[in-house]
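K.L.:
Take 1 as the starting number for the sequence shown in UniProt numbering and just add one per residue.
Just so it is clear, CB atoms sit at the ideal spot from N, CA and C, and this is done for glycine as well.
The model shown is predicted, which means the values in this text are computed figures rather than measured ones.
Dumping the structure here so I can ask a few things about it.
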Amino acid sequence: MALLEIKNLGISFGGLRAVDNFSITIEKGQLYGLIGPNGAGKTTMFNLLTGVYKPSAGTILLDGDNITGKKTKDINNAGIARTFQNIRLFKELTVLDNVKTGLHNRYSYSTLTGILRLPKYYKVEKEMDEKAIELLKVFDLDKEKDLLASNLPYGKQRKLEIARALATGPKLLLLDEPAAGMNPNETTELMDTIRFVRDNFEMTILLIEHDMKLVSGICEKLTVLNFGQVLIQGNTADVLNDPEVIKAYLGE
Ligand SMILES: Nc1ncnc2c1ncn2[C@@H]1O[C@H](COP(=O)(O)OP(=O)(O)OP(=O)(O)O)[C@@H](O)[C@H]1O
1 MALLEIKNLG ISFGGLRAVD NFSITIEKGQ LYGLIGPNGA GKTTMFNLLT GVYKPSAGTI
61 LLDGDNITGK KTKDINNAGI ARTFQNIRLF KELTVLDNVK TGLHNRYSYS TLTGILRLPK
121 YYKVEKEMDE KAIELLKVFD LDKEKDLLAS NLPYGKQRKL EIARALATGP KLLLLDEPAA
181 GMNPNETTEL MDTIRFVRDN FEMTILLIEH DMKLVSGICE KLTVLNFGQV LIQGNTADVL
241 NDPEVIKAYL GE
């Protein structure tokens, strides 16, 4: 069974059909890219997938469960986590606490336990600290755990955002333009990080990206969106060599 199966998804804003009749199938463990020109509907797709917008047509199945039209929090609990085009960390929290915010749907104590600092509070907080540090080690960020997120260099903020998304325990990770604003060295390192996440967490990853080096370097399959519709989908090399794609997108 596919991990993600989207059929005939659509949404309009006023008269604009931002996503139209969109279908995609993503297998477990796949590294999948969603590309297309500016305004093609890529971020809108992520917003539909994560419950920010409700689709006006179509269905979304995650691991066989119908999550169409559910709320963002429920979709996150069902197993979809994302990062954003513009990094959205809690800049005034430490690196450690940013990861812990991601863990809160998996570790919990009652408000009263928190206020009264009952034994369970300390036990759960300790477990969360340990889990968060484990994740930070994976991303080589554990030495910076007490720094404010805003004091990390840009490339590390991106890594921290991915670590926080993984802390929610997703089945599917969505990355919205992860290489945006990165220099070539940072992009190369990011490609290693994304591959590492897929291999070590057995993660399924769908990413939006304009950086063709990253797309051709790590994505196994691609879907090209153009004016809200699927132009072509298939293996990365085939898609990137397709004359329609070169005309509509790469040849711009
Ligand atoms: N909330 C909204 N209200 C009205 N129009 C919107 C809204 N969100 C997106 N759009 C429009 O839908 C279309 C698709 O936008 P979207 O941001 O999904 O494109 P994109 O492919 O992610 O572009 P980019 O690569 O520039 O990020 C655009 O024409 C955009 O202006």
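#1: Using the Cβ count rule (16 or more neighbours within 10 Å means buried), how would you classify T100?
#2: Grab me the residues of L9's own chain with a C-beta within less than 8 Å of its C-beta, minus the 5 sequence neighbours each way, in chain order.
#3: Ignoring anything shorter than 4 residues, give me the alpha helix (DSSP H) runs that lie fully in the segment 169-246, in order along the chain.
#4: What residue range does the alpha helix (DSSP H) around F46 cover?
#5: Taking Cβ positions, are residue 301 and L214 nearer each other than 7 Å?
#6: Can you tell me where the beta strand (DSSP E) holding E5 begins and where it ends?
#7: Less than 8 Å between the CB atoms is what I'm expecting for I162 and V197, so what's the real figure, rounded?
#8: Under 8 Å, with one C-beta from each stretch per pair, do the segment 139-154 and the segment 199-206 reach the 3-pair mark?
#9: Would you check whether ligand 1 has a heavy atom nearer than 6 Å to the C-beta of F227?
#10: Name the residue from Q229, N200, T236, N226 whose alpha carbon lies nearest to the alpha carbon of G217.
#11: My output table needs one value for R164: the three-state DSSP class, helix, strand or coil.
#12: Measuring alpha carbon to alpha carbon, tell me which of E209, E220, D242, D238 ends up nearest N38.
#13: Helix, strand or coil for L152? Go by DSSP, reduced to three states.
#14: Less than 7 Å between C-beta atoms, sequence neighbours within five positions excluded: which residues of the same chain meet that for Q85?
#15: Any heavy atom of ligand 1 closer than 6 Å to the beta-carbon of K159?
#16: For V95 and T72, which I take to be in contact (beta-carbon distance under 8 Å), what is that distance rounded to the nearest angstrom?
#17: Could you check how far apart the C-beta atoms of N98 and L160 are, in whole angstroms? I think they sit under 8 Å.
#18: Roughly how many angstroms separate the alpha carbons of K171 and G79, rounded to a whole number?
#19: Counting along the chain, where does the alpha helix (DSSP H) carrying T142 start and finish?
#20: Taking the Cβ atom as the reference point for each residue, do A149 and K91 lie within a distance shorter than 7 Å?
#21: If you measure from each residue's Cβ to the nearest non-hydrogen atom of ligand 2, which ones come out under 6 Å, in chain order?
P.N.:
Put simply:
#1: To locate residue 100, count along the sequence shown from 1; it is residue 100. Going by the sequence as given, residue 100 is Lys instead of Thr. K100 should be labelled buried.
#2: Translated into positions along the sequence shown, residue 9 becomes position 9. V19, N21, F22, S23, M45, L48, P55, A57, G58, T59, I60, listed in sequence order.
#3: Every unbroken stretch of the alpha helix (DSSP H) spanning 4 or more residues and falling wholly within the segment 169-246 is given here in chain order: 184-201, 212-218, 236-240.
#4: Counted from its first residue, the sequence shown places residue 46 at position 46. Its alpha helix (DSSP H) spans residues 42-49.
#5: The structure shown does not extend to residue 301, since the chain spans only 1 to 252, so no value can be given for it.
#6: Locating residue 5 in the sequence shown gives position 5, counting from the first residue. Segment 4-13, the beta strand (DSSP E) holding E5.
#7: Locating residue 162 in the sequence shown gives position 162, counting from the first residue. Locating residue 197 in the sequence shown gives position 197, counting from the first residue. The C-beta separation of I162 from V197 comes to about 7 Å, placing the pair in contact by the 8 Å criterion.
#8: No contact exists between the segment 139-154 and the segment 199-206.
#9: In the sequence shown, residue 227 corresponds to position 227, counting from 1. No, ligand 1 has no heavy atom inside 6 Å of this Cβ.
#10: As a first step, residue 217 must be located in the sequence shown, where it is residue number 217. Looking at the Cα atoms, T236 is the closest of the given residues.
#11: Locating residue 164 in the sequence shown gives position 164, where the first residue counts as 1. Three-state result, R164: helix.
#12: Residue mapping note: residue 38 aligns to position 38 of the sequence shown, counting from 1. Ranking the options by Cα distance to N38, first place goes to E209.
#13: Translated into positions along the sequence shown, residue 152 becomes position 152. In the structure shown, L152 sits in coil (DSSP, three-state: anything other than H, G, I, E or B).
#14: Counting from 1 along the sequence shown, the entry for residue 85 is found at position 85. T43, D176, E177, A180, listed in sequence order.
#15: Here the question's residue 159 lines up with position 159 in the sequence shown. False, no ligand heavy atom lies under 6 Å from that Cβ.
#16: The count along the sequence shown starts at 1 and reaches residue 95 at position 95. The count along the sequence shown starts at 1 and reaches residue 72 at position 72. No, V95 and T72 are not in contact; Cβ-Cβ is about 24 Å, not under 8 Å.
#17: The residue labelled residue 98 in the question sits at position 98 within the sequence shown. The residue labelled residue 160 in the question sits at position 160 within the sequence shown. With 8 Å as the limit, N98 and L160 qualify as a contact, their Cβ atoms being about 6 Å apart.
#18: In the sequence shown, the residue the question calls residue 171 occupies position 171. In the sequence shown, the residue the question calls residue 79 occupies position 79. C-alpha separation (whole angstroms): 5 Å.
#19: Locating residue 142 in the sequence shown gives position 142, counting from the first residue. One point to set straight first is that residue 142 is Asp, not Thr, in the sequence displayed. Taken as a continuous stretch (DSSP letters only), D142 belongs to no alpha helix (DSSP H), as it is neither H nor E.
#20: One-based indexing of the sequence shown puts residue 149 at position 149. One-based indexing of the sequence shown puts residue 91 at position 91. A149 places its beta carbon less than 7 Å from that of K91.
#21: Among the ligands present in this structure, namely ligand 1, ligand 2 is not found.
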